[in-house]
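For the sequence shown, the UniProt record's numbering begins at 1 and goes up steadily by one.
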Amino acid sequence: MSSGVPPGPLTIVAPSGPSARSSIAKSRYRVPRIATKGPLTRCLLQACRETTSKRLYWSTTRFMFMRIASPGAQIVTTFDVHAHCVPRALLLDLRDGKSLGATASWRGDKCWFAIGSRAPKALPAGIDDVEKRLESMDRAGVDVQLLSTWMGVSACEFPADIAPTFARVFNEALAALVAEHPDRFLALANLPMRDPHAAAEELRYCVAELGMVGAEIATRPAGRDLDDPAFAPLWSMAEDLDCFLLVHPLHSLAGRAVERHFLGNLVGNPAETTIAIGHLMFGGVVERHRRLRLCFVHGGGFAPYQVGRWDHAYRNDVRGAAANLTTPPSEWLRTMYFDTVVHSSAALTHLVAAVGGSQIVLGSDYPFEMGDPAPVEFIRNAGDVGSAGLDRIVDENARRLLGPGVRRLRRDDGLDSRPGANSRREGRQRHGRL
Ligand SMILES: [Zn+2]
1 MSSGVPPGPL TIVAPSGPSA RSSIAKSRYR VPRIATKGPL TRCLLQACRE
51 TTSKRLYWST TRFMFMRIAS PGAQIVTTFD VHAHCVPRAL LLDLRDGKSL
101 GATASWRGDK CWFAIGSRAP KALPAGIDDV EKRLESMDRA GVDVQLLSTW
151 MGVSACEFPA DIAPTFARVF NEALAALVAE HPDRFLALAN LPMRDPHAAA
201 EELRYCVAEL GMVGAEIATR PAGRDLDDPA FAPLWSMAED LDCFLLVHPL
251 HSLAGRAVER HFLGNLVGNP AETTIAIGHL MFGGVVERHR RLRLCFVHGG
301 GFAPYQVGRW DHAYRNDVRG AAANLTTPPS EWLRTMYFDT VVHSSAALTH
351 LVAAVGGSQI VLGSDYPFEM GDPAPVEFIR NAGDVGSAGL DRIVDENARR
401 LLGPGVRRLR RDDGLDSRPG ANSRREGRQR HGRL
């Protein structure tokens, strides 16, 4: 089993839940995570494993069961905040000629998606297959995925007159998919970013009406940097809705010769994210919108590694770099969230040191080949970070990022009732400190 959960009498937790699949995922993680919460339960678990006394075995397992069943039990849910999805229902509509400014067609088992008359792009395998997705989540030990569009199907790629309609149809299809598995999925909206007012309104609709938990936005939507004042209505709407925004690269380093050697992804994507963080920070967006919750994929690109350089420019106001800032960039970085898709234990360790263990959330970048198919294992094996912060990264931090959105999840494991969940207050305090 890839989870690395110790074998033995842990099967005392009877599988329960709406489906066998989710039950398996829960029972696999409940006991060991709970068992590490304190020295007493750790000792009991050890005794449970090693004892040859039937009486001791049953009394210990009964105690463990009561602890799990008690309302105060700390049950860990593993959230994956960076997972892409294109609803198959939408693709079938496009294949059948629905007029949304795009087409979808299948050649063999591959689906090709084209906007207008542009060259079709192949969708990554599995991006529209719910069964494969659930199997992959179970294999990886992921309980809940936050579904966001593939950026190639982002509404900001559409002409301004079609984008709002496309975004609405996409979002309703995604919400319908989530409604079929309300214990395994949450959704992030696809926004028509060419028109920031329309994007703000779509975000409101998706969160307030469709039950989404935020939106995924491009690092440079429709050729506009994120510190463009035109985006202010969207930032204000996200603050008012108390939802979060996942910032994702698109058309990375356009105009640079990065097509060869896959550099558009390998260098371009992290560079693009770095530039986006720079604009949001040095452009003063984070100062003007202090309640914004932002999450950056691929570990924040190069920003956590280069933030010392940014602080130097801030402290010395080098060439006016600090004009829009009253707080050092490194402090701002510690209010943002970053996923774990860095493929290196050393990089993850540095990320934690740079931004704080409270700001890291699990990501997989499913189903892409540059993603991490075993993100729980990756964190668990990342030295001190894994041993000290696994529950925090997979669960607590994600709940804080989600804010009230976590209540959208429908699980039978007490997810919503845990003290400290939905800690909007904590987020406010953090921002208030700055
Ligand atoms: Zn991605």
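Glycine included, every Cβ here is placed at the ideal spot set by N, Cα and C.
Excluding the 5 residues preceding and the 5 following residue i in the sequence, name in chain order all residues of the same chain whose CB lies nearer than 6 Å to its CB.
i, result
"Pro124", "Pro367, Phe368"
"Asp240", "none"
"residue 520", "The question about residue 520 has no answer here: the residues shown for the chain are numbered 1 through 434."
"Asp225", "His279"
"Ser70", "Because Ser70 carries a pLDDT of 49, less than 50, the predicted location of this residue cannot be relied on, and no value is offered for it."
"Ile162", "Gly101"
"Tyr205", "none"
"Val341", "His298, Gly363, Asp365, Asp372"
"Arg88", "Asp128"
Alpha carbon to alpha carbon, how far is residue i from residue j?
i, j, result
"Ile115", "Glu331", "41 Å"
"Asp339", "Val153", "22 Å"
"Glu209", "Leu292", "21 Å"
"Val86", "Cys111", "11 Å"
"Ser236", "Ser117", "35 Å"
"Val318", "Arg309", "11 Å"
"Arg164", "Ala222", "Note that residue 164 is Pro in the sequence shown here, rather than Arg. Rounded to whole angstroms, Pro164 to Ala222 spans 14 Å at the Cα level."
"Arg380", "Ala374", "10 Å"
"Gly320", "Glu287", "16 Å"
"Asp183", "Val81", "15 Å"
"residue 459", "His312", "Limits of the chain in this structure are 1 at one end and 434 at the other, which puts residue 459 out of reach."
"Phe244", "Ala189", "11 Å"
"Thr273", "Phe296", "7 Å"
"Val285", "Asp227", "6 Å"
"Met281", "Pro328", "9 Å"
"Ala257", "Val352", "32 Å"
"His298", "Ala254", "19 Å"
"Val130", "Asp143", "14 Å"
"Ser2", "His181", "Confidence is the limiting factor: at Ser2 the pLDDT is only 36, short of 50, which leaves the residue's position unreliable, though a coordinate-based value still follows. One C-alpha to the other measures close to 24 Å."
"Phe79", "Ala322", "36 Å"
"Ile127", "Phe113", "12 Å"
"Gly141", "Arg315", "44 Å"
"Lys98", "Thr335", "43 Å"
"Arg220", "Leu134", "31 Å"
"His261", "Ala83", "25 Å"
"Ala276", "Gly300", "10 Å"
"Ala175", "Gly211", "8 Å"
"Val361", "Ala398", "6 Å"
"Ala108", "Lys121", "The amino acid at residue 108 is misidentified as Ala; the sequence shows Gly. Roughly 14 Å between the two C-alpha positions."
"His343", "Pro233", "36 Å"
"Glu259", "Arg407", "42 Å"
"Phe158", "Leu401", "29 Å"
"Gly386", "Glu377", "9 Å"
Can you list, in chain order, the residues of its chain with a C-beta nearer than 7 Å to that of residue i? Leave out the 5 residues immediately preceding and following it.
i, result
"Gly357", "Gly389, Arg392"
"Leu90", "Val169, Phe170, Ala173"
"Leu333", "Ala303, Pro304, Val307, Ala354, Val355"
"Ala160", "Arg194, Asp195"
"Ala198", "Pro164, Pro192"
Since residue i sits in a beta bridge, which residues does DSSP pair it with?
i, result
"His248", "Ala218"
"Gln359", "DSSP, once it has assigned bridges, lists no residue as partnering Gln359."
"Lys121", "Phe113"
"Trp106", "Cys111"
"residue 435", "No information on residue 435 is available, as it lies outside the stretch 1 to 434 that the chain covers here."
"Leu146", "Leu186"
"His84", "Ser148"
"Leu294", "Leu245"
"Asp339", "Val361"
"residue 509", "This structure does not reach residue 509, given that the chain is present from 1 up to 434, and the question cannot be answered."
Can you list, in chain order, the residues of its chain whose CB lies under 8 Å from that of residue i, leaving out five sequence neighbours each side?
i, result
"Arg433", "Low local confidence applies: a pLDDT of 26 at Arg433 is under 50, so the model's placement there is unreliable, with the coordinate-based value given in what follows. Hits under 8 Å: none found."
"residue 436", "Outside the displayed span of the chain (1 to 434) sits residue 436, for which this structure offers no information."
Legend entry - Stretch pair the stretch 403-413 + the stretch 246-254: three plus CB contacts closer than 8 Å: Judged by Cβ distances under 8 Å, the stretch 403-413 makes no contact with the stretch 246-254, as fewer than three pairs qualify.
Inset, instruction - Please determine if the stretch 214-221 and the stretch 260-268 are in contact, where contact requires at least 3 C-beta pairs separated by less than 8 Å. - result: Flag = no, the stretch 214-221 and the stretch 260-268 do not touch.
Inset, instruction - Assess, as a yes-or-no matter, whether the stretch 97-106 is touched by the stretch 341-351 under the definition of 3 or more beta carbon pairs within less than 8 Å. - result: The stretch 341-351 vs the stretch 97-106: no contact.
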